Amino acid sequence: METNVEKVKITIDGKEVLVDPGISILEAARQNGIHIPTLCHHPALSSWGGCRICVVEVDGSPKLAASCVTPVRVGMVVVTSNERIIESRRTILEFLFAERNHNCMICAQSGDCELQKLAYELHMDHLSVPASFHEFPTDVTSDYLAIDHNRCILCGRCVRACQEISGAHVLNFNNRGPHNLIGLDLSETRDASTCLNCGVCMQVCPTGAIYDRYRTHYAVKGHDTAWQTTESLCPQCGLMCPAIFSVHDNTILKIDGKLEADDSRPDRGQLCSKGRFEVLKTMGRRLTRPMVRNGDGTMAEESWEKALDLTAGKLRAAARVKGGAAIAGLASSLHSNESLLSFRDLMGRGLGADNIDTLDGAFFRTLLRVQQDMNIPLQEASWKMIPKADHILMVGADPYQTQPVISSLIRKTIFENRTKVSVIGQQADLFPFAAHHLQLEEGGEPTLIKAMLDEVTGAETDDAKRAQAAGLLRKLGLDETGSAVFHEIVRTLTEAQNPLFIAGEGLIAAGDGSGFNSLVRLARQKGLLPGSTLRLIILKPFGNSSGAWKLGLASEAEPGSKGQATACVLFLAGEQISDPDLLERLTGLDFLAVISPYIPESLAGRADVLIPCPLWIEEDGTCTSLDGTETGYTKKVIEPPSGVRDSWQILSALAEQTGFRPDFETWNDLSNAAQKEMGG
Amino acid sequence: MGKPKIATVWLEGCSGCHMSFLDLDEALVDVLSKVELCDTPITDFKDFNFPDVDVGIIEGSIANEEELKIACKLREHCKVLVAWGDCAVFGGINTLRNTVPKEAILRRGFIETESTVGGVMPVDPELPLLLDKAVPVNYHVNVDVYVPGCPPSPEAIAYSLTEILAGRIPVLPSEMMHYD
């Protein structure tokens with residue numbers, strides 16, 4: 002903050018105040034606790050001055066000024082409320098109500114409508130203008146978001162949010178005058194449009210014009226004054242976006258992004274479709290009681306004590322007969338660090354299991370191999386670097402699928418900073434905006450990156466390397482256009498001062514990891530970032546992959562290489578297993594215990610014991626960021642189904658049954674231990 | 003001078019506002035001791051006689067010719083006209099039909115309903131004709147006092163009546179005002 006800027010003295014409602022120059026009258030009033038009603042204005046968006054609800058009287062001028070777009074001026078005398086101003090505001094509001102159908106059943110029940118709140122505030126007890134009674138269309142084509150144009154007041158908040166916050170530029174105004182509608186692309190329906198379903202338009206909508214299709218119970222869950230809000234974060238992809246949960250009656254009513262978030266997050270507090278909607282979706286039938294397989298193959302409910310006793314007994318027996326190699330533990334990397342740490346202690350120290358792995362273990366092993374080959378630690382760059390880059394090379398990465406906010410951030414940086422983005426491989430939503438897009442045959446990425454490395458390292462001087470690169474390109478079967486794009490990417494990369502590489506599953510899971518090896522070499526060619534950080538972002542498949550890997554949950558050896566396990570504990574966080582290889586591996590076991598929030602449908606007939614655990618929204622925990630440098634705290638937002646115990650308590654109880662006493666007795670001890678392991 | 007006279011009418015509405023008035027419970031005794039309740043649906047009058055009253059109260063929107071006639075006559079015969087409830091104030095749920103042509107509504111109601119066999123359009127001259135649109139009372143006559151709410155709370159009704167009886171034109175405080 003600059004302190005030497007001369008403040009401006011203005012008078013608002015008879016009160017002399019000193020404010021920063023250049024700010025609007027509205028900001029000046031709010032900083033000084035003076036209320037001015039607004040409608041099209043939103044603190045996280047640029048001011049538009051469209052609705053004229055925020056009008057004030059300036060220096061007694063007969064023409065009222067919109068306070069959100071009128072900058073302060075030395076000696077200005079502002080009146081925010083008198084009969085004329087209120088009359089003007091109320092008349093505008095009456096016109097808004099008269100223009101479309103605002104006889105809404107939901108708002109009076111939930112109270113969650115800014116237009117209605119304003120009508121109460123401005124005391125609109127009737128309409129002095131005739132209502133139009135014209136019917137406008139509704140669009141319910143998307144599974145996520147619906148638009149009811151009858152409720153729309155054309156304040157344009159959604160249009161601005163779509164541009165300024167999500168960078169999607171999907172929403173705009175279509176038609177003119179009384180036919181003016183919020184439109185998607187060129188008047189597409191929501192499902193046919195390029196909408197990314199991030200839902201930021203819904204969050205900023207002051208009426209019920211944009212609503213989602215998950216909260217059918219919204220209106221009947223009581224008035225918004227009775228809701229509790231919990232500020233937490235979303236651990237589903239590693240970006241740890243702040244999220245505000247509105248809860249009533251142990252039901253999540255909505256999840257909002259923290260749009261007024263400070264500057265430390267370049268995403269400006271948006272959420273993606275995963276963070277805003279997927280949590281509200283049920284992924285199957287909840288498991289609420291432990292279940293044990295009977296002799297006839299059917300699953301029957303069992304008491305906690307007996308189920309845990311049985312599980313511990315079977316695991317102990319397997320270990321006694323065949324040693325640690327007989328026991329496997331497999332965990333989802335969506336779990337919190339605390340849950341994963343207790344799982345590791347139970348399986349490793351408690352049962353001496355040799356086979357402990359995560360569901361994304363294969364991904365980890367590729368990274369590990371490159372790390373060992375090159376003999377360097379892979380310290381990845383933070384995703385927050387994206388707006389600072391001047392060239393972004395994405396290989397086999399589809400952030401819209403894995404980390405959607407990264408995709409949004411890249412799109413924004415293309416528009417705002419003219420950053421050149423090169424996309425190599427399958428990629429759905431960014432390539433229309435990318436400077437270069439190179440579509441390859443499946444599995445072609447490693448060869449291409451090797452060619453790129455040869456080309457970059459051999460540029461200008463080393464003919465042999467360039468010949469080698471040309472050979473590789475021929476092998477890929479690139480046509481003339483493809484080859485030109487390749488050289489264009491190489492040229493851009495060579496000229497870039499501050500490039501950033503983004504690698505995803507398409508590259509890392511492909512082949513033997515040589516493509517990723519080449520990419521790391523390529524990234525090192527461009528120099529390291531401060532803190533010996535590579536210019537590389539790795540899009541990991543699970544929300545807490547970094548945390549799980551740091552805790553050593555992912556196995557360094559290929560599964561099965563330390564001997565065939567006969568008993569396994571599978572620790573799921575809400576996913577259903579569909580990978581055929583994994584299902585195959587889980588089939589031949591003597592004993593399989595599954596700890597999961599949902600009934601693992603695909604494991605029917607395979608699992609011997611099912612133990613319910615909470616979802617991440619139902620227990621406290623910490624998670625680790627994508628680059629592994631930050632830790633975030635996810636709070637318990639709602640209670641788990643009755644009878645379901647916290648994950649760490651289940652695992653501790655199991656540990657005690659096996660005769661092992663964990664180091665921690667309380668959740669705080671456990672959390673501190675997890676923090677220490679994370680290096681924090 | 004006698005007690006102030008009040009008449010109420012029930013137009014295109016559900017009678018919920020009159021119910022809310024009866025919901026005054028024991029306060030009703032107090033209100034009725036101060037006023038003379040002339041024609042009102044509560045006393046089960048079949049024909050409305052339009053006595054000259056001090057306060058005329060309308061529940062419901064105006065949607066047919068008879069309702070329009072009653073509203074106009076009541077306006078003529080009262081000093082202060084009060085609109086009770088969302089239908090009278092904003093048009094309410096009756097305005098749902100306004101986006102569909104009147105003829106289509108009648109056809110759907112009397113002929114095309116799934117449970118109707120051989121339906122005919124009613125033509126009895128006794129029946130009032132539908133207006134093109136269901137509209138709030140202030141489309142056709144001047145209204146002096148607005149009491150929105152579906153229904154307005156008994157407190158809002160009592161407050162507005164008390165104010166009128168005290169010789170003031172009431173403006174409902176925000177906390178008494180609600181839509182729906």
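So the sequences go chain by chain: A and B. Counting from 1, position 270 in the first sequence corresponds to residue 271 in our numbering; the numbering is continuous, with no gaps. Counting from 1, position 63 in the second sequence corresponds to residue 65 in our numbering; the numbering is continuous, with no gaps. Don't be surprised by glycine CBs; every beta carbon is placed ideally from N, CA and C. As the structure is a computational prediction, the values presented were derived from the model and not from experiment.
Under 8 Å by beta carbon: chain B residues contacting residue i
i: A/H127; result: A85, V91, F92, P138, N140, V145, Y148, P150
i: A/E122; result: S176
i: A/Q117; result: Y181
Per DSSP, cross-strand counterpart(s) of residue i
i: A/L523; result: For A/L523, which the question treats as bridged, DSSP gives no partner whatsoever.
i: A/K537; result: Residue identity check: residue 537 of chain A is Leu in the sequence provided, not Lys. Answer by DSSP bridge pairing, in chain order: A/F502.
i: B/S63; result: B/E14
i: A/N356; result: A/A329
i: A/N545; result: According to DSSP, which records beta bridges pairwise, A/N545 is partnered with nothing at all.
i: B/Y148; result: B/A85
i: B/Y161; result: In DSSP, B/Y161 forms no bridge with anything.
i: A/C624; result: A/G633
i: B/T115; result: Answer by DSSP bridge pairing: none, since B/T115 is not bridged.
i: A/S257; result: First, the residue type needs correcting, since residue 257 of chain A is Asp and not Ser in the sequence shown. Answer by DSSP bridge pairing, in chain order: A/I245.
i: A/M395; result: A/V424, A/I503
i: A/I11; result: A/V18
i: A/H438; result: A/V424
i: A/F364; result: Per DSSP, none; premise fails for A/F364.
i: A/S25; result: A/P72
i: A/A30; result: Bridge partners of A/A30: none, in fact.
i: A/I183; result: A/F174
Exposed unless 16 or more other CB atoms sit within 10 angstroms - verdict on residue i
i: A/H103; result: buried
i: A/E84; result: exposed
i: B/V1; result: There is simply no residue 1 of chain B to check, as chain B begins at 3 and stops at 182 in what is shown.
i: A/G325; result: buried
i: A/T635; result: buried
i: A/M2; result: Residue placement at A/M2 is flagged as unreliable, the pLDDT there being 48, under the threshold of 50; the coordinate-derived value follows with that caveat. That one is exposed.
i: B/D32; result: exposed
i: A/Q373; result: exposed
i: A/A162; result: buried
i: A/L119; result: buried
i: A/E446; result: buried
i: A/Q237; result: buried
i: A/V322; result: exposed
i: A/M125; result: buried
Where residue i meets chain A, residues with beta-carbon distance less than 9 Å
i: B/T97; result: N102, N104, A132, F134
Per-residue contacts from residue i into chain B (C-beta, under 9 Å)
i: A/A210; result: Those do not exist, as A/A210 stays about 17 Å from chain B at its closest Cβ, beyond 9 Å.
i: A/A689; result: Since the first residue shown for chain A is 2 and the last is 681, residue 689 of chain A is missing from the structure and cannot be characterised.
Closer than 8 Å at the beta carbon, the chain A residues around residue i
i: B/K135; result: F134
i: B/M179; result: Y121, H124, D126
i: B/D46; result: Here the premise fails: no neighbours, minimum Cβ distance about 30 Å.
Neighbouring residues, chain A, relative to residue i (Cβ below 7 Å)
i: B/D182; result: M106, A109
i: B/T10; result: Here the premise fails: no neighbours, minimum Cβ distance about 19 Å.
i: B/N100; result: F134
**OP:** List in chain order: all unbroken alpha helix (DSSP H) runs of 4+ residues lying wholly within the stretch 97-171 of chain A.
**Re:** 106-111, 115-122, 158-165
Original post:
Which runs of the alpha helix (DSSP H) fall wholly inside the stretch 555-609 of chain A and span at least 4 residues, in chain order?
Top reply: 581-588
Original post:
Does the count of Cβ pairs from the stretch 347-364 of chain A and the stretch 652-666 of chain A closer than 8 Å reach three?
Top reply: yes
Subject >> Uninterrupted beta strand (DSSP E) stretches inside the stretch 276-308 of chain A (no shorter than 3 residues) >> reply: 292-294, 300-302
Original post:
Pairing CB atoms from the stretch 512-529 of chain A with CB atoms from the stretch 321-338 of chain A, are three or more of them under 8 Å?
Top reply: no
Original post:
Is it a yes or a no for the stretch 466-475 of chain A touching the stretch 398-417 of chain A, going by three-plus beta-carbon pairs under 8 Å?
Top reply: no
Original post:
Do the stretch 167-181 of chain B and the stretch 141-158 of chain B make contact, defined as three or more Cβ pairs closer than 8 Å?
Top reply: yes
Original post:
Curious, which full-length alpha helix (DSSP H) runs of at least 4 residues does the stretch 632-679 of chain A contain?
Top reply: 648-658, 668-678
Original post:
Touching or not, the stretch 633-652 of chain A and the stretch 546-555 of chain A, by the rule of three or more beta carbon pairs under 8 Å?
Top reply: no
Original post:
How about the stretch 185-194 of chain A and the stretch 219-238 of chain A: do they share at least three Cβ pairs that are nearer than 8 Å?
Top reply: no
Subject >> Every unbroken beta strand (DSSP E) inside the stretch 195-239 of chain A [3 residues or more] >> reply: 211-213, 229-235
Original post:
Of all the beta strand (DSSP E) runs that stay within the bounds of the stretch 45-105 of chain A, which reach a length of 3 or more residues?
Top reply: 56-59, 78-80
Original post:
Are there three or more Cβ pairs, one per stretch, closer than 8 Å when the stretch 151-159 of chain A is compared with the stretch 30-45 of chain A?
Top reply: yes
Original post:
On the three-pair Cβ rule with 8 Å, is the stretch 612-620 of chain A touching the stretch 533-542 of chain A?
Top reply: no
Subject >> Inter-stretch contact at 8 Å, needing at least 3 Cβ pairs: the stretch 75-95 of chain B / the stretch 7-17 of chain B >> reply: yes
Original post:
Of all the beta strand (DSSP E) runs that stay within the bounds of the stretch 18-63 of chain B, which reach a length of 3 or more residues?
Top reply: 55-61
Subject >> Cβ contact check for the stretch 640-653 of chain A and the stretch 238-245 of chain A: 3 or more pairs under 8 Å >> reply: no
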